[in-house]
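A quick write-up on the structure given underneath.
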Amino acid sequence: MTDFEQAAIKASKAEFPNVKNKACFFHLSQNKCLPWALDFIPSENIPAAFDELKATFPPEAEEVVQWFEDNYVHGRIRRRNQRNGNIIRTDPLFPPKLWSVSELMDHGIPRTQNIVEAWHRRWSTLVGKPHVGVYTMIEELQKEQQRVDLEIECINRGEPKPKQKKQIIDREKRIMTVYKDISNRSVLEFLRGLAHNISM
1 MTDFEQAAIK
11 ASKAEFPNVK
21 NKACFFHLSQ
31 NKCLPWALDF
41 IPSENIPAAF
51 DELKATFPPE
61 AEEVVQWFED
71 NYVHGRIRRR
81 NQRNGNIIRT
91 DPLFPPKLWS
101 VSELMDHGIP
111 RTQNIVEAWH
121 RRWSTLVGKP
131 HVGVYTMIEE
141 LQKEQQRVDL
151 EIECINRGEP
161 KPKQKKQIID
171 REKRIMTVYK
181 DISNRSVLEF
191 LRGLAHNISM
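In this text, residue positions in the sequence shown follow UniProt numbering: the first is 1, and each later residue adds one.
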């Protein structure tokens with residue numbers, strides 16, 4: 001799972017060609033102005049869903065909608081065929097297959113990499129400054145290893161994981177209820193149902 005950074009995406013493809021890369025839902029939601037709920041639609045259905053959603057936006061949103069379409073859904077228009085009117089497009093910079101969380105939802109995989117970012121924050125706090133010496137780094141890595149060992153022991157003893165806030169648990173249940181009901185809703189009803197449950 002990566003942020004929406006081309007260098008990270010290309011590097012992961014080069015180093016791990018047989019692994020599916022997914023982009024972090026949290027970073028996409030920070031990166032776009034359209035309803036986040038598009039992310040929950042299977043990637044192959046996103047272009048049609050986007051086109052349906054696009055028709056509901058006011059003219060004032062055209063510039064943002066076009067930007068999103070060019071970069072995340074259809075790609076930029078290269079040319080139009082004069083004879084039949086067909087549009088030739090480039091691939092989008094961030095194709096739906098990269099940012100759709102539908103597959104993650106189906107397999108119960110987290111939609112974000114917030115746990116990794118929390119560790120980075122904790123590490124920054126432990127070390128306390130951007131540039132540290134080798135000995136300080138080793139000391140802090142040893143402390144972190146002790147903490148991880150303790151966490152593993154707690155899991156081995158069968159201790160429950162720290163509880164999530166009730167508000168988050170309830171929201172995730174509502175999201176899953178709407179997600180599982182995709183076949184019984186129109187595209188816009190599905191997107192609206194999810195958008196009500198996704199907080200900025």
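C-beta: ideal position from N, C-alpha, C; glycine also. Since the structure is predicted, the reported quantities are computational estimates derived from the model, not experimental observations.
Looking at C-beta atoms only, is the number of pairs between the stretch 117-131 and the stretch 58-77 that lie closer than 8 Å three or more?
-> no
Quick one: grab the DSSP three-state call for arginine 111.
-> As a first step, residue 111 is located in the sequence shown; it is residue number 111 there, counting from the start. Arginine 111: coil per DSSP, three-state reduction.
Taking the C-alpha atoms as reference points, what is the distance between glutamate 52 and glutamate 189?
-> Translated into positions along the sequence shown, residue 52 becomes position 52. Translated into positions along the sequence shown, residue 189 becomes position 189. Answer to the nearest angstrom: the Cα atoms are 11 Å apart.
Mapping DSSP to helix, strand and coil, what is isoleucine 88?
-> Against the sequence shown, residue 88 aligns to sequence position 88. It is a strand residue.
Same chain, Cβ closer than 6 Å to residue 202, neighbours up to 5 away in sequence not counted = Within the shown structure, residues of the chain are numbered from 1 to 200, placing residue 202 beyond reach of any answer.
Roughly how many angstroms separate the alpha carbons of isoleucine 77 and proline 47, rounded to a whole number?
-> Taking the sequence shown and counting its residues from 1, the one referred to as residue 77 is at position 77. Taking the sequence shown and counting its residues from 1, the one referred to as residue 47 is at position 47. Looking at the two C-alpha atoms, the distance is approximately 15 Å.
Beta carbon of glutamate 140 nearer than 9 Å to that of valine 127 = Your numbering for residue 140 matches position 140 in the sequence shown. Your numbering for residue 127 matches position 127 in the sequence shown. Yes, they are a contact pair.
With C-beta atoms as the reference, is proline 96 less than 9 Å away from glutamate 44?
-> Here residue 96 refers to the residue found at position 96 when the sequence shown is read from its first residue. Here residue 44 refers to the residue found at position 44 when the sequence shown is read from its first residue. Going by C-beta atoms, proline 96 is nearer than 9 Å to glutamate 44.
Extent of the continuous alpha helix (DSSP H) to which arginine 78 belongs | The sequence position of residue 78 within the sequence shown is 78, counting from 1. Counting along the chain, arginine 78 falls outside any alpha helix (DSSP H), though it belongs to the beta strand (DSSP E) covering 77-80.
Buried versus exposed call for proline 92 [16 or more other C-beta atoms within 10 Å across all chains shown] | Here residue 92 refers to the residue found at position 92 of the sequence shown. Classification of proline 92: buried, given that the 10 Å Cβ count is 16 or more.
Just mark cysteine 33 as buried or exposed, buried being the case when its beta carbon has 16 or more other beta carbons within 10 Å.
-> As a position in the sequence shown, residue 33 is number 33, starting the count at 1. Any reading at cysteine 33 must be qualified, since the residue scores a pLDDT of 37, below 50, and its modelled position is unreliable; the value itself is stated next. Exposed.
Top-ranked residue by Cα proximity to glutamate 172, from Arg111, Gly158, Trp99 and Glu63 = Working through the sequence shown from its first residue, we reach residue 172 at position 172. Closest by alpha carbon: Arg111.
Inter-residue Cα distance where the pair is serine 100 and cysteine 154 = One-based indexing of the sequence shown puts residue 100 at position 100. One-based indexing of the sequence shown puts residue 154 at position 154. Their Cα atoms are separated by approximately 34 Å.
Express the C-alpha separation of aspartate 106 and lysine 165 in angstroms, rounding to a whole number.
-> Your numbering for residue 165 matches position 165 in the sequence shown. Your numbering for residue 106 matches position 106 in the sequence shown. Their backbone Cα atoms lie some 23 Å apart in a straight line.
Report all residues from its chain with a CB closer than 7 Å to the CB of arginine 174; omit the five preceding and five following residues, and keep chain order.
-> Position 174 of the sequence shown, counting from 1, holds the residue named residue 174. Cβ neighbours of arginine 174 beyond the five flanking positions: Asn197.
Can you tell which of Tyr72, Ile168 and Arg79 has the C-alpha that lies nearest to the C-alpha of asparagine 38?
-> On the sequence shown, residue 38 is found 38 positions in, with the first residue counted as 1. Sequence check: residue 38 is leucine here, not asparagine. Checked all of Tyr72, Ile168 and Arg79; the closest Cα to leucine 38 is Tyr72.
Kindly provide the ranges of any alpha helix (DSSP H) runs that are 4 or more residues long and lie completely inside the stretch 95-158, ordered along the chain.
-> 96-99, 102-107, 114-127 and 134-156
DSSP three-state assignment for isoleucine 41, whether helix, strand or coil | The residue labelled residue 41 in the question sits at position 41 within the sequence shown. Looking at isoleucine 41 - three-state DSSP - the assignment turns out to be coil, as it is neither helix nor strand.
Ordered along the chain, which non-local residues of its own chain (more than five positions away) have a Cβ less than 6 Å from that of isoleucine 138?
-> Indexing the sequence shown from 1 puts residue 138 at position 138. Nothing meets the Cβ criterion.
Between the C-alpha atoms of valine 132 and glutamine 146, what's the straight-line distance to the nearest angstrom?
-> Counting from one through the sequence shown, the residue named residue 132 turns up at place 132. Counting from one through the sequence shown, the residue named residue 146 turns up at place 146. In a straight line, the C-alpha of valine 132 is about 20 Å away from that of glutamine 146.
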